[in-house]
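Okay, structure first, notes after.
Residue numbers (the working numbering): 5 to 86.
In structure tokens:
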């Protein structure tokens, strides 16, 4: 089992109603699997998957990126302005 810290921003933070949480995952896990676990906890996140970006330890990565214990994941929604 690995443990990762997950940070949320913008509407993703609103969906989970917290800024961050600790997530326990199987030893061999990817960003996609982490996001799937989060959707199980907060189904409102599912609609954001097509547009969200993943950063691990402050670097953008693909959702297929392998995770390790202690990683910091940030799920970042699209930015808009006007």
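Positions of the beta carbon are idealized from the N, C-alpha and C atoms, including for glycine. Bear in mind that the values here come from a model prediction, so they are computed numbers and not experimental data.
Using DSSP with H/G/I as helix, E/B as strand and the rest coil, what is residue i?
| i | result |
| --- | --- |
| residue 31 | coil |
| residue 79 | strand |
| residue 50 | helix |
| residue 12 | strand |
| residue 42 | helix |
| residue 20 | helix |
Determine, using beta carbons only, whether residue i and residue j come nearer to each other than 7 Å.
| i | j | result |
| --- | --- | --- |
| residue 67 | residue 24 | no |
| residue 51 | residue 43 | no |
| residue 62 | residue 8 | no |
| residue 82 | residue 16 | no |
| residue 10 | residue 27 | yes |
Does the Cβ of residue i have 16 or more other Cβ atoms within 10 Å, making it buried, or fewer, making it exposed?
| i | result |
| --- | --- |
| residue 77 | buried |
| residue 60 | buried |
| residue 55 | exposed |
Per DSSP, which residues does residue i bridge with? Please list them.
| i | result |
| --- | --- |
| residue 7 | 28 |
| residue 63 | 60 |
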